Amino acid sequence: MHAPRLEPSFAAALRELAGKVETPFYAYDLSAITAGAASYRRAFARGRVFYASKANPRMRLLRHLREQGLGLETVSLGEVLRGYAAGFEPGEVVFNGPVKTPAQLARLARAGAPTLVADSPADLERIAEYLPGADVLLRLNPDLPVDTHPHLATGRGDSQFGVLPGDYPAVFERGRQLGLTMRGLHVHLGSQLNNPADFAARLEVLGGLRPRLGPLEVLDLGGGFGLELDPAALAPAMFAVADDYQAELWVEPGRTMVAAAGVLVTRVWGEKQTRRRYLLLDGGMTALLRPALYGARHPVLPLYEAEETGVFDLAGPACESGDVLARAVALPRPQPGDALAILAAGAYGSAMSMNYLDHPLPAEYAWTGAAWEVWRRPQPQEDVWRGEPTAAEYLE
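All letters in the sequence shown, in the order written, are residues 1277 to 1672 by our numbering.
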């Protein structure tokens, strides 16, 4: 794990912000996000770059990325409609995911249909019924092991995603028979991939399919780019396969653009000794679920100074033994109210935050270099149960 560090001006602004607002909250360095987006636009200048919105779907972030020339990859109806609200046109949006219900497709018929990624033969049939002639990519399951957490490995043959290579040409042809505009192929290996060999193996599978598929308009190679990878180093081989298909190359980075740019700030409200030494925080798994869900390890940066040091586990406020954000962290010994920054939290942090135990969702702010922009206001406590009747209410 890299040593904790933030860009100095952002770190200084963050310390000042922590003295003004309630914790926990998320904060982002907008210049780092802009630089991340620019690196992918440069690497894939001959293709199209779609930001994977599930990494972080804040409205102001989506608007900013659209201004940078990116499209939007979505995995739910809500994300599609959020993208439209942020200013994206249907032709700038890709709608992925294994289930698209009749009600969702009917809503898209009214709102405008994006490019849809069909995940199965049943998906194709429903899309053809509710969105005749729609632009479609068919998702390939490349049946490959990948070097990542099992929950993140979507390209394995035993996962629920896509169509296996042996079945793919016939299912693709079925889409054409249904009258859909079958623009091309979509494939996504998983998330947080740092081994270039995984990407090379995917290209080998695509090379083997080429004689059975013929030319395509679009080859969408998804995302999954790990933080340690250089997109410029991967791009030439990806373009070579796209050129072999006579297709435009599309990619869908998400986490890699925003993870390092975001932090979760939480305060210490106590120290406790059981058989381990704990710091008790006001932010935990309801604000940042990744450590509990994936065993993710996030660097921790103290936003205070102290001469005495110690090694601590960082426990959140939930009545759950799994609510521990980090283990065995060396830190200056804090006083109650001192703040910590949990780093590399810009992706799948706020996006997965929740109201479990009636915790309000944390506020979010972005540093522009001159001011803090509000990306999400603090959720009022009463909003957590708004929409729940206090008196009996019955369906008619």
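A virtual CB, placed ideally from N, CA and C, is assigned to each residue, including glycine.
Nothing here was measured: the structure is a model prediction, and the numbers come from that model.
Quiz prompt | Member of 1381, 1300, 1497 and 1460 whose CA lies at the smallest distance from the CA of residue 1476 | solution = Counted from its first residue, the sequence shown places residue 1476 at position 200. Out of 1381, 1300, 1497 and 1460, 1497 has the C-alpha closest to the C-alpha of residue 1476.
Quiz prompt | Spatial distance of residue 1333 from residue 1355 (CA atoms) | solution = Reading the sequence shown from its first residue, position 57 is the one you call residue 1333. Reading the sequence shown from its first residue, position 79 is the one you call residue 1355. Straight-line Cα distance between these residues: approximately 8 angstroms.
Quiz prompt | Bounding residues of the beta strand (DSSP E) (the contiguous stretch that carries residue 1608) | solution = Here residue 1608 is taken as the residue at index 332 of the sequence shown, counted from 1. Element bounds for residue 1608: 1600-1608.
Quiz prompt | Inter-residue spacing [alpha-carbon to alpha-carbon] between residue 1510 and residue 1529 | solution = The residue given as residue 1510 occupies position 234 in the sequence shown. The residue given as residue 1529 occupies position 253 in the sequence shown. One C-alpha to the other measures close to 13 angstroms.
Quiz prompt | Collapsed DSSP secondary structure at residue 1426 in the structure displayed | solution = Working through the sequence shown from its first residue, we reach residue 1426 at position 150. Residue placement at residue 1426 cannot be trusted, given a pLDDT of 49 that sits under 50; what the coordinates show is reported in the next sentence. Correct three-state label for residue 1426: helix.
Quiz item: Which residue's Cα is closest to the Cα of residue 1653: 1605, 1626 and 1634?
Solution: Along the sequence shown, read from residue 1 onward, the residue named residue 1653 stands at position 377. Selected option, being the one with the closest Cα: 1626.
Quiz prompt | First and last residue of the uninterrupted beta strand (DSSP E) at residue 1349 | solution = Translated into the one-based positions of the sequence shown, residue 1349 becomes position 73. Residues 1347-1350.
Exercise. Using a threshold of 7 angstroms, state whether the C-beta atoms of residue 1263 and residue 1542 are closer than that.
Key: As shown, the chain starts at 1277 and ends at 1672. That puts residue 1263 outside it, with no answer to give.
Quiz item: Between residue 1606 and the rest of its own chain, which residues show a CB-CB distance below 6 angstroms, the 5 nearest in sequence each way excluded?
Solution: As a first step, residue 1606 must be located in the sequence shown, where it is residue number 330. Cβ within range, chain order: 1587.
Exercise. Below 8 angstroms CB to CB, which residues in the same chain sit around residue 1659 once its five sequence neighbours on both sides are set aside?
Key: Taking the sequence shown and counting its residues from 1, the one referred to as residue 1659 is at position 383. So the qualifying residues of the chain are 1636.
Quiz item: Rounded C-beta distance between residue 1568 and residue 1620? I'm assuming under 8 angstroms.
Solution: One-based indexing of the sequence shown puts residue 1568 at position 292. One-based indexing of the sequence shown puts residue 1620 at position 344. That belief does not hold up - the Cβ atoms of residue 1568 and residue 1620 are roughly 16 angstroms apart, past 8 angstroms.
Self-check item: Selection from 1522, 1641, 1571 and 1459 that minimises the alpha carbon distance to residue 1487
Solution: Residue mapping note: residue 1487 aligns to position 211 of the sequence shown, counting from 1. The shortest Cα separation from residue 1487 among 1522, 1641, 1571 and 1459 belongs to 1522.
Quiz item: Does the count of Cβ pairs from the segment 1574-1582 and the segment 1633-1649 closer than 8 angstroms reach three?
Solution: no
Quiz item: Distance, Cα to Cα, residue 1369 vs residue 1386?
Solution: As a position in the sequence shown, residue 1369 is number 93, starting the count at 1. As a position in the sequence shown, residue 1386 is number 110, starting the count at 1. Whole-angstrom Cα-Cα distance: 16 angstroms.
Exercise. Just the C-alpha distance for residue 1491 and residue 1513, rounded to the nearest angstrom, thanks.
Key: Translated into the one-based positions of the sequence shown, residue 1491 becomes position 215. Translated into the one-based positions of the sequence shown, residue 1513 becomes position 237. Each residue's Cα considered, the two are about 18 angstroms apart.
Quiz item: Which residues share a DSSP beta bridge with residue 1618?
Solution: Position 342 of the sequence shown, counting from 1, holds the residue named residue 1618. DSSP output for residue 1618 lists 1540 and 1576 as bridge partner(s).
Exercise. Could you name the residues that DSSP lists as bridge partners for residue 1586?
Key: Position 310 of the sequence shown, counted from the first residue, corresponds to residue 1586. DSSP, once it has assigned bridges, lists 1607 as partnering residue 1586.
Exercise. Give me the Cα-Cα distance between residue 1455 and residue 1399, rounded to the nearest whole angstrom.
Key: Here the question's residue 1455 lines up with position 179 in the sequence shown. Here the question's residue 1399 lines up with position 123 in the sequence shown. Rounded to whole angstroms, residue 1455 to residue 1399 spans 14 angstroms at the Cα level.
Quiz item: Buried or exposed: which applies to residue 1666, given that a residue is buried once 16 or more other Cβ atoms fall within 10 Å of its Cβ?
Solution: To locate residue 1666, count along the sequence shown from 1; it is residue 390. Label assigned to residue 1666: exposed.
Quiz item: What is the C-beta distance between residue 1495 and residue 1469, in whole angstroms, given that I count them as a contact (C-beta under 8 angstroms)?
Solution: Indexing the sequence shown from 1 puts residue 1495 at position 219. Indexing the sequence shown from 1 puts residue 1469 at position 193. With a Cβ gap of about 18 angstroms, residue 1495 and residue 1469 do not count as contacting.
Quiz prompt | Beta-carbon spacing of residue 1331, residue 1531 below 7 angstroms | solution = By 1-based counting over the sequence shown, the position of residue 1331 is 55. By 1-based counting over the sequence shown, the position of residue 1531 is 255. Against a cut-off of 7 angstroms, the Cβ pair of residue 1531 and residue 1331 comes out as a contact.
Quiz item: What separation, rounded to the nearest whole angstrom, lies between the Cα atoms of residue 1278 and residue 1574?
Solution: Indexing the sequence shown from 1 puts residue 1278 at position 2. Indexing the sequence shown from 1 puts residue 1574 at position 298. Per-residue confidence for residue 1278 stands at a pLDDT of 47, beneath the threshold of 50, marking its modelled position as unreliable; the derived number appears in the next sentence. Roughly 10 angstroms between the two C-alpha positions.
Self-check item: In DSSP terms, what residue 1369 is bridged to
Solution: Counting from one through the sequence shown, the residue named residue 1369 turns up at place 93. BP columns for residue 1369 point to 1348.
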